[in-house]
Structure formats: C-alpha cells, structure tokens
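This report concerns only the one structure given below.
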Amino acid sequence: MDLYEYTYNLVRQIPEGMVSSYGAVALALGDIRASRAVGRMMNQNPNADNMPCFKIVYSDGNIGGFGLGIDDKIRRLRLDNIEVYDNKINNFEKVFFNDFKTDYPLKKLRKKQIELSCKVKLEDSLDKIDTIAGFDVAYPQNDFDNCCAACIVMDNKTKKVIEEKIIHDKNFFPYIPTYLTFREADFYQLLYEQLENKPDVLMIDGNGILHPFGLGIASFIGVKMNIPSIGVAKSKLCGKLEGNKVIFDNKLIGSAFFSSKYIKNPIFVSPGHKISHDTTISIIDEYCYYKIPEPIRKAHLLATKNI
DNA sequence: GCGACAG
DNA sequence: ATCTTGTCGC
Numbered sequence: 119m120d121l122y123e124y125t126y127n128l129v130r131q132i133p134e135g136m137v138s139s140y141g142a143v144a145l146a147l148g149d150i151r152a153s154r155a156v157g158r159m160m161n162q163n164p165n166a167d168n169m170p171c172f173k174i175v176y177s178d179g180n181i182g183g184f185g186l187g188i189d190d191k192i193r194r195l196r197l198d199n200i201e202v203y204d205n206k207i208n209n210f211e212k213v214f215f216n217d218f219k220t221d222y223p224l225k226k227l228r229k230k231q232i233e234l235s236c237k238v239k240l241e242d243s244l245d246k247i248d249t250i251a252g253f254d255v256a257y258p259q260n261d262f263d264n265c266c267a268a269c270i271v272m273d274n275k276t277k278k279v280i281e282e283k284i285i286h287d288k289n290f291f292p293y294i295p296t297y298l299t300f301r302e303a304d305f306y307q308l309l310y311e312q313l314e315n316k317p318d319v320l321m322i323d324g325n326g327i328l329h330p331f332g333l334g335i336a337s338f339i340g341v342k343m344n345i346p347s348i349g350v351a352k353s354k355l356c357g358k359l360e361g362n363k364v365i366f367d368n369k370l371i372g373s374a375f376f377s378s379k380y381i382k383n384p385i386f387v388s389p390g391h392k393i394s395h396d397t398t399i400s401i402i403d404e405y406c407y408y409k410i411p412e413p414i415r416k417a418h419l420l421a422t423k424n425i
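Letter by letter, the first sequence follows residues 119 to 425 in the numbering used here.
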C-alpha cells in the first residue's frame with residue numbers, strides 16, 4: 119500500500135486559510151502513532167507546490183520544521199492566507215482543519231494483525247534444524263529511492279553461509295511504531311520464495327510476539343509462511359522488564375538477552391511462531407558470536423553493502 | 001522537562 | 001532505518 123500518496127491526498131483536503139497538525143493527519147490515517155511518520159512523509163514530499171505540506175504544524179500551534187527553511191514555510195502559509203506571528207499560527211483553533219474524509223487505512227491493518235495474532239503457536243514444532251535464515255532491510259535517505267532487502271541461509275552445524283539473496287525496491291510505507299510488518303514483510307516473503315535452500319527457522323530483524331497486539335513482523339512472517347520464526351530487536355517495543363523477562367498484560371512476551379557480560383544494552387528476543395521461549399533463547403545463544411546473532415548480523419551487512 | 005517510540 | 005517537518009505521558 120502507498121501510504122505516502124494516501125497521506126498527501128489527505129493533506130490536499132485542507133482548504134485555503136486553514137492548517138492541520140501532524141497528529142491530526144496521523145489520526146486520519148488511523149493511529150496517532152503515525153504522527154512522526156507524517157512529519158517524515160511531509161519532509162520527503164517530492165513537490166512542495168503540488169502538495170501543501172507547509173500547512174501541517176505542531177499540535178500546539180507552533181509552525182514546526184520545514185525542509186526548505188522555516189522562513190519559506192511562513193511565506194507559503196501567508197500566501198495561503200494563514201496568519202503567522204512569532205512562529206505561531208494566529209487563531210490556531212479557528213483555522214485548525216480536522217474534518218478529513220478518510221477510511222482509516224491503519225485501522226484496517228491493525229485488524230489484520232489482531233486476526234493473525236490468534237494463529238501464533240508458542241509450542242516447538244521443529245523436528246530438526248539443518249538450516250537457519252536471517253533477514254534484514256537497509257534504506258537509503260529517501261523511501262522514494264531503492265532500498266535493499268537481504269536474506270542469508272546458514273548451515274546450522276558448520277555455521278557457514280550456504281546461500282545469499284538480495285532484492286531492491288522502493289518502499290512507500292514509512293516506518294510507524296507497531297506497523298513495521300507493513301513496511302517490510304513483502305520483501306521477506308519475496309526473498310523466501312526465491313531461496314533454493316528453504317530454511318527450517320527464520321530469524322527476523324524485529325519482534326515476534328513482543329508486540330502490543332501480539333504480532334510483530336517475525337510472527338507475521340512465521341504465520342504467513344507456516345515456518346518457525348524468531349524476532350530479534352535492539353530495543354524494547356513494549357512491556358516491562360522483570361529480570362530478563364519482558365512482561366506485558368501479565369504475560370511473558372520475550373526476553374532481554376545479553377550476548378556477553380560486557381554488553382550494556384541487551385537485545386530483545388521473542389518467539390515468532392511455532393517455537394517456544396526456551397528454544398528461542400537457546401538458538402539465539404548459539405548464534406551470538408557478537409551482540410547481534412549471526413544470521414541477522416550477516417543479513418544486515420549484506421543489505422547495507424548493496425544499498 | 002525528559003524519555004518512550006521494533007526499523 | 002537514516003537524518004532530523006512529533007506527540008504523549010510521566
């Protein structure tokens with residue numbers, strides 16, 4: 119889905135003489151969590167004359183930033199018959215537009231996540247592990263340029279890489295906390311389909327069940343492909359740390375993992391699908407030669423190299 | 001005011 | 001993730 123074009127069309131609804139806020143556009147997309155992504159999408163607007171990104175300001179009436187400079191934002195606002203004084207919108211509440219026509223695309227995606235989260239299995243379903251794959255994506259400055267998604271397959275016994283795959287494509291779904299799946303999962307499915315050596319376990323850069331709606335990208339891919347999967351994140355998306363356990367809604371959803379005693383900030387690992395917490399941790403332990411487990415680290419290097 | 005916020 | 005156009009809750 120092209121969330122950029124959808125967002126730009128929302129902003130085009132704001133009438134002359136009126137402004138809106140990053141958060142209001144985010145809510146029109148379906149989730150306040152997208153407010154920062156709205157700022158990023160405004161920043162990446164390919165044509166400031168064709169989409170009035172200058173009409174989006176902070177929720178307190180301050181005008182916020184602008185890629186072409188604050189002065190140019192003020193100039194464009196005044197040309198649009200919006201009064202600005204001391205970097206603030208005059209009569210902000212009176213000229214604030216919030217009557218977007220929208221069908222809330224993020225709400226539909228959330229619904230899909232919640233439906234799929236019921237299918238996640240946390241029991242081990244692995245009779246053997248011959249191979250394990252790692253997945254990651256590297257991005258250029260602008261989502262309108264090609265990014266690179268990479269997958270590597272390792273032999274579980276020798277720990278040698280037996281296959282590498284990359285794909286390049288543009289991405290029109292920005293990063294929004296808790297919606298990472300809809301930015302990156304298509305790449306991973308394509309990569310998986312192209313693999314000659316179908317792995318027994320998938321290790322994915324992102325969370326498994328460590329997610330406020332129970333379905334991070336590793337769980338999504340696991341359920342979609344019906345393969346055991348593990349999520350590996352560098353920071354904690356949600357939940358409370360109790361010892362090394364991550365607890366959310368009184369449930370165990372993942373663990374903080376310290377790859378060595380010198381590590382200050384742990385990684386956060388969680389089962390994706392068809393795997394238990396204990397097996398997840400023991401696989402991660404086996405592959406942590408560095409802070410980041412090898413399959414992810416090698417996929418990351420491959421993606422970054424080819425960006 | 002400062003931290004939280006998968007990538 | 002890369003670079004710097006948020007918002008909310010404590």
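Heads up, the beta-carbon is just placed ideally off N, CA and C, and yes, glycines get one too.
| Asked | Found |
| --- | --- |
| Pick from Phe215, Ile188, Asn216 and Asp217 that is closest to tyrosine 203, judged by C-alpha positions | Ile188 |
| Range covered by the alpha helix (DSSP H) that runs through aspartate 62 | Nothing about residue 62 can be read from this structure; the chain reaches only from 119 to 425. |
| For glycine 390 and serine 347, the rounded distance between their alpha carbons | 5 Å |
| Nearest neighbour of leucine 240, chosen from Lys369, Ala374, Phe386 and Ala421 [CA to CA] | Lys369 |
| Collapsed DSSP secondary structure at glycine 372 in the structure displayed | strand |
| Alanine 166 - DSSP class collapsed to helix/strand/coil | coil |
| Status (buried if at least 16 other CB within 10 Å, exposed otherwise) for methionine 119 | exposed |
| DSSP-derived helix/strand/coil call for lysine 229 | helix |
| Nearest neighbour of glutamine 131, chosen from Phe172, Val341 and Asp217 [CA to CA] | Asp217 |
| Residue from Lys363, Lys423, Phe338 and Asp367 with nearest C-alpha to glutamine 231 | Phe338 |
| At least 3 beta-carbon pairs within less than 8 Å: the stretch 272–283 vs the stretch 199–215 | no |
| DSSP three-state assignment for glutamate 134, whether helix, strand or coil | coil |
| Close Cβ partners of lysine 342 (< 7 Å) along its chain, the five nearest in sequence each way excluded | Gln307 |
| Ordered list of beta strand (DSSP E) runs contained in the stretch 260–305, each at least 3 residues | 265–273 and 279–287 |
| Any alpha helix (DSSP H) of 4 or more consecutive residues that is wholly inside the stretch 160–215 | 188–197 and 210–213 |
| Host beta strand (DSSP E) of valine 364 (start-end) | 363–366 |
| DSSP-derived helix/strand/coil call for phenylalanine 338 | helix |
| Delimiting residues of the alpha helix (DSSP H) encompassing threonine 422 | 412–423 |
| Beta strand (DSSP E) segment containing leucine 359, residue limits | 358–360 |
| Alpha carbon of glutamine 259 to alpha carbon of tyrosine 380, nearest angstrom | 33 Å |
| Burial state of isoleucine 150 (16 or more Cβ within 10 Å) | exposed |
| Limits of the beta strand (DSSP E) - the one that alanine 152 falls within | Premise fails: alanine 152 is in no beta strand (DSSP E) and is neither H nor E. |
| Delimiting residues of the beta strand (DSSP E) encompassing leucine 320 | 319–323 |
| Nearest neighbour of isoleucine 371, chosen from Asp396, Leu419, Ala267 and Asn383 [CA to CA] | Asp396 |
| Aspartate 245 - DSSP class collapsed to helix/strand/coil | coil |
| Among Ile294, Glu360 and Ile365, nearest to arginine 430 - alpha-carbon criterion | For the chain, the structure presents residues 119 to 425; residue 430 sits outside this window and is missing. |
| Three-state secondary structure (DSSP) of proline 223 | helix |
| Residues of its chain near arginine 415, where Cβ-Cβ distance is below 7 Å and the 5 sequence neighbours each way are ignored | Tyr408 |
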